[in-house]
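Participant:
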Amino acid sequence: MIGFYLGRIFLVVAAASLLPLMWAAAAREWHPFGSFLLMIGVFALAGTIGVRLAPPEPKLGWSHGMVVVALTWLIVPIVGAIPLVLSGHFVKPLDAIFDAVSGLTTTGLSLLSDVDHLASSLNFWRHLLQFLGGQGIILAALSIFAGTGGITLYFGEARDERILPSVTSTARFIWAVSVVHLLFGVAALGLVGWLVLGFDLHRALFHGLMIFFAAFDTGGFSPQSTSIGYYHSATFEAVTAILMAAGAMSFGMHYALWRGSPRRAVLANLETRTILSTFGFTMMLTLLGLAVTGVFTSVVGLTRQGLFQILSAHTGTGFSTVSSSELGTWSGLAFGGIAIAMALGGMGSSTAGGVKSLRIGLTIKAVVNQIRQVLLPEHAVVGTAYNQSGRKHLTPPLIQSVMIISLLYVALYLLGAGIGLAYDIPLQAALFESVSASANVGLSVGLTDPSMPVLLELVYMLQMWAGRLEFVAVFSLVGFVVSWVKGQ
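Here numbering that gives the first Met the number 0 is used: position 399 in the sequence shown is 398, and no number is missing along the way.
1. Hey, would you say residue 440 sits closer than 8 Å to residue 225, going by beta carbons?
2. Hey, residue 129 and residue 216 are a contact pair by Cβ (cut 8 Å); roughly how many whole angstroms apart?
3. Under 8 Å, with one C-beta from each stretch per pair, do the stretch 428-439 and the stretch 295-309 reach the 3-pair mark?
4. Residue ranges of each alpha helix (DSSP H) run of no fewer than 4 residues wholly in the stretch 48-121, ordered along the chain?
5. Please look up how many angstroms separate the CB atoms of residue 191 and residue 204, rounded, as I've assumed it's under 8 Å.
6. Note down the Cα distance separating residue 418 from residue 326, rounded to an integer number of angstroms.
7. Alpha carbon to alpha carbon, how far is residue 258 from residue 451? Give it in angstroms, no decimals.
8. May I have the straight-line CA-CA distance separating residue 66 from residue 471, to the nearest angstrom?
9. Name the residue from 240, 236 and 484 whose alpha carbon lies nearest to the alpha carbon of residue 313.
10. Is it right to say residue 282 is buried, meaning 16 or more other beta carbons lie within 10 angstroms of its own, or is it exposed?
11. Going by C-alpha distance, which of 369, 83, 270 and 285 is nearest residue 355?
12. Which residue's Cα is closest to the Cα of residue 172: 93, 289, 86 and 253?
13. For residue 82 versus residue 35, is the C-beta spacing smaller than 8 Å?
14. Would you check if the distance between the CB atom of residue 125 and the CB atom of residue 211 is smaller than 8 Å?
15. Look up residue 439 in the DSSP assignment and say whether it is helix, strand or coil.
16. I'd like to check one pair, residue 122 with residue 38: are the Cβ atoms closer than 8 Å?
17. Using DSSP's beta-bridge definition, name the partner residues of residue 384.
18. So what does DSSP say about residue 469, is it helix, strand or coil?
19. Under 8 Å: do the stretch 0-7 and the stretch 52-71 share three or more Cβ pairs, one atom per stretch?
20. So what's residue 26 in DSSP terms, helix, strand or just coil?
21. Evaluate contact between the stretch 321-339 and the stretch 356-374, counting only Cβ atoms and requiring at least three cross-stretch pairs below 8 Å.
22. Grab me the residues of residue 443's own chain with a C-beta within less than 7 Å of its C-beta, minus the 5 sequence neighbours each way, in chain order.
23. Using C-beta distances below 6 Å, list every residue in its chain close to residue 177, excluding the 5 sequence neighbours before and after it, in chain order.
24. Can you list, in chain order, the residues of its chain whose CB lies under 7 Å from that of residue 88, leaving out five sequence neighbours each side?
25. Measure the alpha-carbon distance for residue 90 versus residue 384 and round it to whole angstroms.
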């Protein structure tokens, strides 16, 4: 059963991999062309073997579906790293796998050497991995292969709301939203590159496509080593910021806006109010911290740089307009604002990572209700209703689920920080990098480089994988392996 569904997904990835293959052929990049051909062959062979394992009644159960999701997000980046391994731009194969995991999980941390001279088809593949990961490779398979078991795969990929009646129609809607944003996003960024930055049309469209993939899917990869700072353009940053915000919005909100729901109804949602509040709070901390330390000498520079960095952190994108070494000098309130924003993340059922705003809002509401229950008379009834695409109730099982996932994220943040401290890395830097990996952000203070310890590299990969899947599928895989070893 697991092999059959994995086979379907591998065939979808093999089909998607034809895009960089054609890119390499058009650009006459024959070395990458051969490596893409090898990768496609592996995906196609594995997919063909998998679908031949079709059981008589391919009805996917909950536990097996979770295992399929967890294995998909492990195997696809390993095979997808083949062109990166063969590119010669990585010190060791593990570094290339690290980048593939970072790309698929839309994290954006990178161990790539000399990205400025990377073949354009390889750059396209890195960014396409972020697009596939942000929209969900499982969703791509669900859009093509209808059938039973889709709901399990959908929720296993950390999606917590079904927008339309069926999972297949929901998956197709999400991909439709992505394609529409792709057309408008690449056109807008391309025009800025052409008319404002003075790029030729081909170069402008190339940069527009790469930055769109990374912005809308909150990934953070860039075709240049200096990230968005390379463009030195407030206009380019503004368009990128809009795409980052769109990527961090839940697809449920996209659906509400597309069908013309009143703004008042959208703003009344608990998740909307929470993310606006936390964004305002972390922005205030960051700007105040930067003002106190005097990093920027002008109000315009402080506001522009601080606002972009905090939006990049809160949406989980990982773009930066300052170098990692300069970001590492930010301390006090500025460091706190960025770190908190990364940890909180964007909306649920979006391309962003982190704890997610809905969980933050529900946690705050649960705590407030508990305090009110203590302060009010013994027989007083405390309301549990909240607004999230309609009136809902905060039930004990929901509170328990929210608290468990939130605490698991905190534990994941502390795990990476603890490993970093074991290597004598300063606490601030170790915590920052750990939160960035776990929340799938990609901002770095310079710890993520080819010389980093192998154990720390493996821990960051584990954090990116577990943080993207929000733990349930990961625990299911662990339980499945344990049962298999025991022969159960």
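Beta carbons: idealized from backbone N, C-alpha and C, even for Gly. Since the structure is predicted, the reported quantities are computational estimates derived from the model, not experimental observations.
Facilitator: Walking through what the data contain:
1. Their beta carbons are not under 8 Å apart, which means residue 440 does not touch residue 225 by this criterion.
2. Cβ atoms of residue 129 and residue 216 come within 8 Å of each other, at about 5 Å.
3. Counting C-beta pairs closer than 8 Å gives fewer than three between the stretch 428-439 and the stretch 295-309, which falls short of the contact rule.
4. The stretch 48-121 contains these whole alpha helix (DSSP H) runs: 61-79, 81-84 and 92-103.
5. So it is not a contact: roughly 11 Å between Cβ atoms.
6. One C-alpha to the other measures close to 21 Å.
7. About 48 Å.
8. Rounded to the nearest angstrom, the two C-alpha atoms are 10 Å apart.
9. Here the closest residue by C-alpha is 240.
10. Here residue 282 is buried, its C-beta having at least 16 other C-beta atoms within 10 Å.
11. Comparing Cα-Cα distances from residue 355 to each of 369, 83, 270 and 285, the minimum goes to 270.
12. Checking every option, the nearest Cα to that of residue 172 belongs to 253.
13. The answer is yes: Cβ separation under 8 Å.
14. Cβ distance not < 8 Å, so residue 125 and residue 211 don't count as in contact.
15. Under the three-state reduction of DSSP, residue 439 is assigned to coil, being neither helix nor strand.
16. Not closer than 8 Å, so no.
17. Looking at the DSSP output, residue 384 shares a beta bridge with 392.
18. DSSP places residue 469 in coil when its eight states are reduced to three.
19. Touching, yes.
20. The three-state secondary structure of residue 26, taken from DSSP, is coil.
21. By the Cβ rule, the stretch 321-339 does not count as touching the stretch 356-374, because fewer than three pairs are nearer than 8 Å.
22. So the list reads 108, 323, 432 and 435, once near-sequence residues are dropped.
23. Exclusion of the five residues before and after residue 177 leaves 134 as the residues of its chain whose Cβ lies within less than 6 Å of its Cβ.
24. Answer for residue 88: 111, 112, 113 and 117, listed in chain order.
25. Roughly 54 Å separates the two Cα atoms.
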